[in-house]
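Enquirer: Once you've had a glance at the structure underneath, I'll fire off some questions.
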Amino acid sequence: LREQWVTREAGSEDTIKSVPGYERILKSLGISYFTLGAIHNYMNDEQCKEMAAKIDRLMWENFGEVYNQVVKTLEYKLGEPVKLYRGHHLAFRILSSEVLKSQ
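Here the sequence shown is numbered in the numbering used here, starting from 457 and rising by one per residue.
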């Protein structure tokens with residue numbers, strides 16, 4: 457799945473920019489930042505739909521069991537049914553200082 461990771465610059469996510477010093481800390485620690493999947497914080501609606509169409513099947517094949525566990529946990533905590541729809545997937549943010557060293 458590594459080829460599906462999208463490199464992000466520290467501070468490129470609007471919500472991260474709101475955390476004082478976060479961008480500076482990431483850069484000072486040499487931490488690389490990646491995303492996997494369609495993430496609204498970085499993409500407009502159209503870009504998210506394009507990314508989801510491209511990667512949704514792959515995400516479900518690789519993380520279906522994780523998604524099922526998230527649904528079960530949410531149902532337990534909320535006390536009501538939860539459904540995750542195909543065409544929508546949970547995406548991931550990946551922080552790493554080792555990935556670039558190994559390339």
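Where a beta carbon is used, it is the ideal one built from N, C-alpha and C, also for glycine.
So, at 7 Å on beta carbons, what are the nonlocal neighbours of L540 in its own chain, with the 5 sequence-adjacent residues on each side left out?
Expert: Closer than 7 Å at the Cβ level, and outside the excluded window around L540, lie Y523, V527.
Enquirer: Taking C-alpha atoms, which residue in F548, V462, G486, S484 lies nearest to N518?
Expert: That would be F548, whose Cα lies nearest to the Cα of N518.
Enquirer: Between the alpha carbons of L530 and L546, how many angstroms are there, rounded?
Expert: Roughly 13 Å between the two C-alpha positions.
Enquirer: State buried or exposed for L492, treating a residue as buried only when at least 16 other CB atoms are found within 10 Å of its CB.
Expert: Its Cβ being crowded by 16 or more others within 10 Å, L492 is buried.
Enquirer: Apart from the five residues just before and just after C504, which ones in its own chain have a Cβ nearer than 8 Å to its Cβ?
Expert: So the qualifying residues of the chain are A494, I495, H496.
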